[in-house]
Amino acid sequence: MIIIKIKKYFLLCLLLISAIGGFAQNCNSDSIVLNILETECSTMPATHNNNIKILKNGAEKFEDMFAEIAKAKHHVHLDYFNFRNDSIGNALFDLLASKVAEGVEVRAIFDAFGNSSNNQPLKKKHLKAIRAKGIQIHKFKPARFPYIDKFFNRDHRKIVVIDGRIAYMGGINVADYYINGLPEVGDWHDIHIRIEGDAVNQLQDMFLKLWNKSTKQNVGGEQYFPPVDSVLSGDKTMIIVDRTPNETPKQMRCAYAVAIREAQKSIKIINPYFLPTHKVKKELKKAIKRGIDVEIMISAKSDIPFTPDGSIYVAHSMMKRGAEVFLFDDGFHHSKIMMVDSLFCTVGSANLDSRSLRYDYEVNSFIFDKEITDSLTQIFENDKERSTKLTPEVWKKRSCWRKFVGWLAQLLTPFL
Numbered sequence: 002m003i004i005i006k007i008k009k010y011f012l013l014c015l016l017l018i019s020a021i022g023g024f025a026q027n028c029n030s031d032s033i034v035l036n037i038l039e040t041e042c043s044t045m046p047a048t049h050n051n052n053i054k055i056l057k058n059g060a061e062k063f064e065d066m067f068a069e070i071a072k073a074k075h076h077v078h079l080d081y082f083n084f085r086n087d088s089i090g091n092a093l094f095d096l097l098a099s100k101v102a103e104g105v106e107v108r109a110i111f112d113a114f115g116n117s118s119n120n121q122p123l124k125k126k127h128l129k130a131i132r133a134k135g136i137q138i139h140k141f142k143p144a145r146f147p148y149i150d151k152f153f154n155r156d157h158r159k160i161v162v163i164d165g166r167i168a169y170m171g172g173i174n175v176a177d178y179y180i181n182g183l184p185e186v187g188d189w190h191d192i193h194i195r196i197e198g199d200a201v202n203q204l205q206d207m208f209l210k211l212w213n214k215s216t217k218q219n220v221g222g223e224q225y226f227p228p229v230d231s232v233l234s235g236d237k238t239m240i241i242v243d244r245t246p247n248e249t250p251k252q253m254r255c256a257y258a259v260a261i262r263e264a265q266k267s268i269k270i271i272n273p274y275f276l277p278t279h280k281v282k283k284e285l286k287k288a289i290k291r292g293i294d295v296e297i298m299i300s301a302k303s304d305i306p307f308t309p310d311g312s313i314y315v316a317h318s319m320m321k322r323g324a325e326v327f328l329f330d331d332g333f334h335h336s337k338i339m340m341v342d343s344l345f346c347t348v349g350s351a352n353l354d355s356r357s358l359r360y361d362y363e364v365n366s367f368i369f370d371k372e373i374t375d376s377l378t379q380i381f382e383n384d385k386e387r388s389t390k391l392t393p394e395v396w397k398k399r400s401c402w403r404k405f406v407g408w409l410a411q412l413l414t415p416f417l
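Numbering-wise, the numbering used here puts 312 at position 311 of the sequence shown, and it's gapless, one number per residue.
This is the structure in structure tokens:
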């Protein structure tokens, strides 16, 4: 009997040691990734006092952001790929105009190509009316013949900074369809985050650098970087990854590659244009080979023709290697998120394609927090219920034409 009890206690001790070891390994893995991102990818320094709120759709984002803009006392800075000339855009500029009347500085910058690519762009008459209200608004890199180089390196970020104390970033532009969807694709799904803490200063710095470079102004000073309010800040650790062409050109793809390379258990990805660059694709293949559970969700529908076929083609190649692939059916999933080991995640503007990883101005946050990661993972799990799992049988049902288009599209990956 004594020997049996000793054996039981011995086994219990082994299990306890194993559990503690696994916990310690998990705890260490995210800090290792954080350190590698700072050193190997030369990212901005990590900040540890952030409060982060996930905004799960356009309605949540605009409601929260409009409420905070209404409280602004000193400045509102906005950087978007595009402002669509529709009801939500008009409501935003009306609100901003009312803040200007109160003495608040408002600066907005938007991408010239992003503006012209939507079907309700801001035209000269709209910009004239907006500026007449005291809002400083600037078009980033308007393309003028013969300077075709201006078509490259677009500003794809979505950043708002209010009084230097609250910031918003993610994948949501300013458009009605983020709330109402589009007839062609149905509901539009996307994710944004609200930040309070030291990371706000980093986003403010990014905005002002782009603004000053584009407008030839010299806006800056302590009034734009107030001390962090200890009541508003929290305990979330995050790294802001900035992709600025010619300055930090490799940061974004390096950050993705490192996060995938260091995964120990699982990787979950939602991305609308899944055409990863060679480095990222290589790390995904290695992760699958070493037994990491890799799950990829892409939309069955898209706002851009041609690209979805390429994404499905590439995802199918990952499926054949062992990844699980889900085609989201309930509208268009424009989210750009990745969760690793249930420990850390990324949210931002970068698509997993060459345009975002090699050419454009982008910004992502890498968040080292289990609670935030679990919340995004739950979105992923819920959306699997509204998806079709890509299997050999599902692939066989795709027409030869769609397969050919996908094959052709993935050949053009460096340009998409």
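The beta-carbon is built from N, C-alpha and C at its ideal position, and this holds for glycine as well.
Q | First through last residue of the beta strand (DSSP E) which encompasses glutamate 386 | A | Premise fails: glutamate 386 is in no beta strand (DSSP E) and is neither H nor E.
Q. If we count the other Cβ atoms within 10 Å of its Cβ and call it buried at 16 or more, is glycine 22 buried or exposed?
A. Confidence in glycine 22 is poor, its pLDDT being 42 and thus under 50, which makes the residue's placement unreliable; the coordinate value appears in the next sentence. With fewer than 16 other Cβ atoms inside 10 Å of its own Cβ, glycine 22 counts as exposed.
Q | C-alpha gap between alanine 25 and alanine 133, whole angstroms | A | Because alanine 25 carries a pLDDT of 42, less than 50, the predicted location of this residue cannot be relied on, and no value is offered for it.
Q | Alpha-carbon to alpha-carbon, lysine 74 and tyrosine 225 | A | Distance between the alpha carbons of tyrosine 225 and lysine 74: 12 Å.
Q: Determine contact between the stretch 182-190 and the stretch 349-368, defined as no fewer than three beta-carbon pairs at a distance below 8 Å.
A: Segments in contact, no.
Q) Can you tell me where the alpha helix (DSSP H) with glycine 311 in it begins and where it stops? A) Counting along the chain, the alpha helix (DSSP H) containing glycine 311 begins and ends at 308-322.
Q: With DSSP collapsed to three states, give me the class of isoleucine 136.
A: Coil, per DSSP.
(Q) Let me check understanding here. Comparing Cα to Cα, which of Phe82, Cys42, Asn58 lies closest to glycine 332? (A) If we check each option's Cα against that of glycine 332, Asn58 comes out closest.
Q) In three-state DSSP terms, what is glutamine 26? A) Confidence at glutamine 26 is low in this model, with a pLDDT of 46, below 50, so its placement is unreliable and no value can be given for it.
Q | Helix, strand or coil at isoleucine 70 according to DSSP, with G and I counted as helix | A | If DSSP states are grouped into helix, strand and coil, isoleucine 70 belongs with the helices.
**Q.** Which residues DSSP lists as bridging methionine 253, in chain order
**A.** DSSP output for methionine 253 lists no bridge partner at all.
Q) Taking buried to mean at least 16 other C-beta atoms within 10 Å of its own C-beta, is arginine 244 buried or exposed? A) By the 10 Å Cβ count, arginine 244 comes out buried.
Q. In terms of alpha-carbon separation, which member of Ala288, Tyr274, Gly323, Gly292 lies closest to isoleucine 305?
A. Of the listed residues, the one whose Cα sits closest to isoleucine 305 is Tyr274.
Q) Mapping DSSP to helix, strand and coil, what is histidine 157? A) If DSSP states are grouped into helix, strand and coil, histidine 157 belongs with coil.
(Q) Can you look up glutamate 363 in the DSSP assignment and give me helix, strand or coil? (A) If DSSP states are grouped into helix, strand and coil, glutamate 363 belongs with the strands.
Q: For valine 220, name the three-state secondary structure that DSSP assigns.
A: In the structure shown, the three-state DSSP call for valine 220 is coil.
Q) With distances taken from CA atoms, which of Gln137, Arg155, Gly135, Ile136 is nearest proline 439? A) The chain is shown from 2 up to 417; residue 439 falls before or after that span and cannot be answered.
Q) For the alpha helix (DSSP H) that glutamate 284 lies in, which residues bound it at each end? A) That run of the alpha helix (DSSP H) goes 279-290.
Q) On the premise that methionine 340 lies in contact with lysine 269, defined as a C-beta separation below 8 Å, what is that separation, rounded to the nearest angstrom? A) That pair is a contact at about 5 Å.
Q) Terminal residues of the continuous beta strand (DSSP E) containing asparagine 83? A) Unbroken run through asparagine 83: none, as it is neither H nor E.
Q | Rounded straight-line distance, which links the Cα of leucine 56 to that of serine 1 | A | The requested residue 1 does not occur in the structure, where the chain is confined to residues 2 to 417.
(Q) Quick check: asparagine 50 and serine 350, are their CB atoms within less than 8 Å of each other? (A) No Cβ-Cβ contact shorter than 8 Å links asparagine 50 with serine 350.
(Q) Can you tell me which residues form a DSSP beta bridge with glutamate 296? (A) Under DSSP, the beta-bridge partners assigned to glutamate 296 are Lys269, Glu325.
Q | Bridge partner(s) assigned by DSSP for arginine 195 | A | Paired residues: Lys54, Tyr169.
Q: Drop a sphere of 10 angstroms on the beta-carbon of threonine 308, count the other beta-carbons inside from all chains shown, and report buried for 16 or more, exposed for fewer.
A: With 16 or more neighbouring CB atoms inside 10 Å of its own CB, threonine 308 falls in the buried class.
Q: Identify whether phenylalanine 11 lies in helix, strand or coil by the three-state DSSP scheme.
A: Any reading at phenylalanine 11 must be qualified, since the residue scores a pLDDT of 43, below 50, and its modelled position is unreliable; the value itself is stated next. DSSP, read as helix, strand or coil, puts phenylalanine 11 in helix.
Q: Put threonine 418 into one of helix, strand or coil per three-state DSSP.
A: Summary: the structure shown does not reach residue 418, with the chain confined to residues 2 through 417, and so no result is reported for it.
(Q) According to DSSP, simplified to helix, strand and coil, what is phenylalanine 115? (A) The residue you asked about is not phenylalanine; residue 115 is glycine in the sequence shown. If DSSP states are grouped into helix, strand and coil, glycine 115 belongs with the helices.
Q.
Just to confirm, is the Cβ distance from asparagine 83 to asparagine 120 under 8 Å?
A. Cβ atoms of asparagine 83 and asparagine 120: not closer than 8 Å.
Q: List the DSSP bridge partners of arginine 108.
A: The bridge partners DSSP lists for arginine 108 are His78, Gln137.
(Q) Does leucine 233 come out as helix, strand or coil in the three-state DSSP assignment? (A) In the structure shown, leucine 233 sits in coil (DSSP, three-state: anything other than H, G, I, E or B).
Q. Going along the chain, which residues of its own chain have a beta-carbon closer than 6 Å to the beta-carbon of glutamate 325, five neighbours each way excluded?
A. Same-chain partners within the cutoff: Glu296.
Q | Neighbour-count burial assignment, aspartate 354, 16 or more Cβ in a 10 Å radius | A | In this structure aspartate 354 is buried. Its beta-carbon is surrounded by 16 or more other beta-carbon atoms within 10 angstroms.
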